[in-house]
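Participant:
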Amino acid sequence: MPQALRLPQPDFAGTVPVEQALLARRSERAFSQRALALADLSQLLWAAQGVTRPRGYRTAPSAGASYPLEIHAAAGLVAELAAGIYRYRSPDHSLIPAAPGDRREDLARAALNQRFVARAPVVLVIAVVYARVCATYGRRGVRYADMEAGHAAQNISLQAAALGIGAVMVGAFDDAEVRRIAALPPEEEPLYLIPVGR
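FYI, the numbering for the sequence shown is 667 to 864, going by our numbering.
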């Protein structure tokens, strides 16, 4: 297994009230080519699925604490981080390298040629392993997992707004291509692409 890259500790005492983050949240598709700070990526990943309690509870609610989501980062312009695909590991707040190289252009093509995907410094991929939640809840687990993905995506949106970073939710893409490009295991289904950057 590739060596984990420990992320900077997330900030638990931000200065932007949630009401201001809600007011500021907008879908942004115009990204500068300034590198995103590794600390900002760390904060966004923690907002999506970071651990908040000693028992492993996370920032987004999960049916039966089944945690079916997997968060990946397609990094292209992130300071102190080589371009590549990374898997976020919640328990120790780290990144696991999954594939080398800048994959943003490929993701843009897979997202029906939405060019802004390629221009974002990093593209977050929210994927789901339905079996984790369906083992307990049957077919209803699909709904619970999809709801959880929405919770995590909104957390990313609000954290981005609090950091002064642009983000947009993308659902139009070729699933098989995104799975291949992002080096997802076969049991993972991609649900969201979230380009983020200044």
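Quick reminder that beta carbons are idealized off the backbone N, C-alpha and C, glycines included.
Distance check for A842 and V682, CA to CA, integer angstroms please.
Facilitator: By one-based count along the sequence shown, residue 682 stands at place 16. By one-based count along the sequence shown, residue 842 stands at place 176. Distance between the alpha carbons of V682 and A842 is about 38 Å.
Participant: Is the beta carbon of G742 closer than 8 Å to that of A748?
Facilitator: One-based indexing of the sequence shown puts residue 748 at position 82. One-based indexing of the sequence shown puts residue 742 at position 76. Going by C-beta atoms, A748 is not nearer than 8 Å to G742.
Participant: Leaving out five residues on either side along the sequence, give the residues of the same chain with a beta carbon under 7 Å from the beta carbon of Q699.
Facilitator: Counting from one through the sequence shown, the residue named residue 699 turns up at place 33. The residues are L743.
Participant: Do A819 and I860 come within 8 Å of each other at the CB atom, strictly closer than that value?
Facilitator: For this step, residue 860 is matched to residue 194 along the sequence shown. For this step, residue 819 is matched to residue 153 along the sequence shown. Yes, the pair counts as a contact, with Cβ atoms nearer than the cut-off.
Participant: Label V684 either buried or exposed according to how many other C-beta atoms from any shown protein chain fall within 10 Å of its C-beta, with 16 as the threshold for buried.
Facilitator: Mapped onto the sequence shown, residue 684 falls at position 18. V684 is exposed by the Cβ-count criterion.
Participant: Starting from H759, follow its DSSP beta bridges and name the residues at the other end.
Facilitator: By one-based count along the sequence shown, residue 759 stands at place 93. H759 is not bridged to any residue.
Participant: What span of residues does the beta strand (DSSP E) with E771 cover, start to end?
Facilitator: Reading the sequence shown from its first residue, position 105 is the one you call residue 771. First-last for E771: 770 to 776, but that is the alpha helix (DSSP H), not the beta strand (DSSP E).
Participant: Thinking just about the alpha-carbon of each residue, which of R755, R770, P787 is nearest to the one in L704?
Facilitator: Mapped onto the sequence shown, residue 704 falls at position 38. With distances taken between Cα atoms, L704 lies closest to P787.
Participant: Return the CA-CA distance between G804 and Y810, expressed in angstroms with no decimal places.
Facilitator: Residue numbering aside, residue 804 sits at position 138 when the sequence shown is read from its first letter. Residue numbering aside, residue 810 sits at position 144 when the sequence shown is read from its first letter. Rounded to whole angstroms, G804 to Y810 spans 10 Å at the Cα level.
Participant: Along the chain, where does the alpha helix (DSSP H) that runs through A690 open and close?
Facilitator: Residue 690 sits at position 24 when you count from the first residue of the sequence shown. Annotation: the continuous alpha helix (DSSP H) that includes A690 extends over 684 to 690.
Participant: Considering only DSSP beta bridges, list what H738 is partnered with.
Facilitator: Mapped onto the sequence shown, residue 738 falls at position 72. H738 is bridged to R753, V791.
Participant: Does DSSP put Y723 in a helix, in a strand, or in coil?
Facilitator: Position 57 of the sequence shown, counted from the start, is the residue given in the question as residue 723. In this structure, Y723 counts as coil in the three-state DSSP scheme.
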